[in-house]
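Engineer: If you scroll down you'll find the structure; I have some questions about it.
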Amino acid sequence: MPELPEVETIKRELSPHLTGRRIAGTTVLWPGTVRGASPSQFIDSLHGRKIESVGRRGKYLVICLDDGHDLLVHLKMTGSLIVGGPSDEPGKYARVIFTLDNGATVFFRDPRKFGKMQLVARGEVTSQLGIEPLSDDFTVEQLKELLAKRKTSVKPVLLDQNLIAGIGNMYADESLFEAGIHPLRPADSLSETEVARLHDAIRSVLQRAIESKGASIANYFRPDGSAGWAHQTFKVAHRRGERCQCHSNIERIVVRGRGTYFCPACQK
DNA sequence: CTATAGACCTGACGGC
DNA sequence: TGCCGTCAGGTCTATA
Numbered sequence: 029m030p031e032l033p034e035v036e037t038i039k040r041e042l043s044p045h046l047t048g049r050r051i052a053g054t055t056v057l058w059p060g061t062v063r064g065a066s067p068s069q070f071i072d073s074l075h076g077r078k079i080e081s082v083g084r085r086g087k088y089l090v091i092c093l094d095d096g097h098d099l100l101v102h103l104k105m106t107g108s109l110i111v112g113g114p115s116d117e118p119g120k121y122a123r124v125i126f127t128l129d130n131g132a133t134v135f136f137r138d139p140r141k142f143g144k145m146q147l148v149a150r151g152e153v154t155s156q157l158g159i160e161p162l163s164d165d166f167t168v169e170q171l172k173e174l175l176a177k178r179k180t181s182v183k184p185v186l187l188d189q190n191l192i193a194g195i196g197n198m199y200a201d202e203s204l205f206e207a208g209i210h211p212l213r214p215a216d217s218l219s220e221t222e223v224a225r226l227h228d229a230i231r232s233v234l235q236r237a238i239e240s241k242g243a244s245i246a247n248y249f250r251p252d253g254s255a256g257w258a259h260q261t262f263k264v265a266h267r268r269g270e271r272c273q274c275h276s277n278i279e280r281i282v283v284r285g286r287g288t289y290f291c292p293a294c295q296k
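Letter by letter, the first sequence follows residues 29 to 296 of the numbering used here.
Shown next as C-alpha cells:
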C-alpha cells in the first residue's frame with residue numbers, strides 16, 4: 029500500500045521524467061479516477077500545461093503546473109505511476125494515460141480503481157493535512173500534544189491524516205512495534221519516555237523505508253516498474269502467524285476496522 | 001466532539 | 001477444477 033515512503037519514492041523517481049515537460053495529451057480510461065471535473069474538462073485543462081515540479085504532501089503526489097494549478101494524485105491502495113515509451117502497451121489496469129511532449133507516457137495503473145486525481149488551485153486541499161512526520165516541525169513536544177488531546181487508542185491517532193500526514197496501516201504497526209507500545213494503549217496514557225520512543229520510531233521507520241524504496245506489498249511499483257524492499261525489513265506488519273524476534277507469536281487484531289499486527293510480548 | 005458503518009473496487013484466498 | 005463468500009484498506013460521506 030502506498031504510504032509516505034512509497035509516495036516519496038515515486039516523487040523522487042518520477043520527478044526527472046516530468047519536470048520541465050509539457051502534457052501533450054491525456055486519456056481517461058476509467059472516469060471514476062477523475063474528481064472535481066468531468067474527464068473532458070480534466071483533459072482540456074491539462075492540455076499543453078508545463079510541469080514545474082513534482083512534490084509530495086502526506087500521501088498525495090502534488091504535480092505543480094504552470095497555470096497555477098496542482099494536479100493531486102492519491103494512489104490509495106493499489107495505484108502506481110509507470111513511465112513508458114511511446115509504443116508501450118497500457119496494460120489491463122491502466123486508468124489514465126498521460127503523453128508528454130517528448131513522446132514518453134505515464135500510465136496510472138490501479139487495479140482496484142480506488143485512486144483519485146484532481147486539479148486544484150495551488151496549495152488547496154492539502155492544507156487540511158496534519159504535520160509532516162519527517163519535517164523538523166514534527167517534534168517530540170508536537171507528538172506529545174497530539175496524543176494528550178485524545179482518549180482513543182494510540183494507533184488511530186497515528187492514522188489520522190489531519191493530525192499527522194502520511195502514516196498508513198503498515199507503518200503505524202511498525203512504528204508502534206519499534207517503540208514497544210501496544211496499539212490499543214489509550215493515546216493520553218503514554219509516558220514522556222514512550223512518546224519520545226514513538227517519535228523516534230516513526231521517523232526512523234519512515235526514513236528506512238524510503239531508503240529501501242518503499243514496501244512492495246500488494247500492488248506498489250516504482251515508476252520504472254520495479255519493486256521496493258522495505259517490506260523485507262518489517263518486524264510485525266503483515267506477518268501474521270510468524271514469530272517475533274523474541275520468539276512470541278505475532279498477533280493480529282482489528283483496531284477501528286483495520287488489521288493490526290503486533291507482538292504481545294514486546295508491546296505493552 | 002468522537003465513533004462507527006457503508007461505499008468505493010477487484011484480486012487473492014479459504015472452504016467445499 | 002471451480003464456485004462462492006469473505007477480506008483487504010485510505011478516505012469520504014452519512015449517521016448515531
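Quick reminder that beta carbons are idealized off the backbone N, C-alpha and C, glycines included.
Name, in chain order, the residues that DSSP records as bridge partners for L109.
Structural biologist: Note: L109 is bridge-paired with F136 in the DSSP secondary-structure output.
Engineer: Check whether the region 178–185 and the region 46–54 are in contact - that is, three or more C-beta pairs closer than 8 Å.
Structural biologist: no
Engineer: What span of residues does the beta strand (DSSP E) with Q146 cover, start to end?
Structural biologist: K144 to A149
Engineer: According to the neighbour-count rule (16 or more other Cβ atoms, all chains shown, within 10 Å of its Cβ), is Q295 buried or exposed?
Structural biologist: Taking a 10 Å sphere around the C-beta of Q295, we find 16 or more other C-beta atoms and assign the residue as buried.
Engineer: Have a look at P59 and S66 and give me their C-alpha separation to the nearest angstrom.
Structural biologist: 8 Å
Engineer: Relative to the C-alpha of H45, which residue among S73, T61 and V82 is closest?
Structural biologist: V82
Engineer: How long is the line joining the alpha carbons of E160 and I195, rounded to whole angstroms?
Structural biologist: Distance between the alpha carbons of E160 and I195: 9 Å.
Engineer: Taking three-plus beta-carbon pairs below 8 Å as touching, is the region 32–43 in contact with the region 84–94?
Structural biologist: Counting C-beta pairs with one atom in each stretch, the region 32–43 and the region 84–94 have three or more that are closer than 8 Å, which means they touch.
Engineer: Just verifying my parser: in three-state terms, what is the DSSP assignment at A243?
Structural biologist: coil
Engineer: In its own chain, which residues sit with a C-beta less than 6 Å from the C-beta of S203, not counting the 5 before and 5 after it?
Structural biologist: A229, I230 and V233
Engineer: Following the continuous alpha helix (DSSP H) through I79, name the residue where it begins and the one where it ends.
Structural biologist: From DSSP, I79 is part of no alpha helix (DSSP H) but of the beta strand (DSSP E) over I79 to R85.
Engineer: If you pair each beta-carbon of the region 268–281 with each one of the region 249–258, do three or more pairs fall below 8 Å?
Structural biologist: no
Engineer: Going by the CB atoms, is the gap between V111 and L171 shorter than 8 Å?
Structural biologist: no
Engineer: List the DSSP bridge partners of Q181.
Structural biologist: Looking at the sequence provided, one finds Ser at residue 181 rather than Gln. P214.
Engineer: Mind checking Q273: buried by the 16 CB within 10 Å criterion, or exposed?
Structural biologist: exposed
Engineer: Check T61 in the structure and name its three-state DSSP category.
Structural biologist: helix
Engineer: Would you give the residue range spanned by the beta strand (DSSP E) that V101 belongs to?
Structural biologist: H97 to H102
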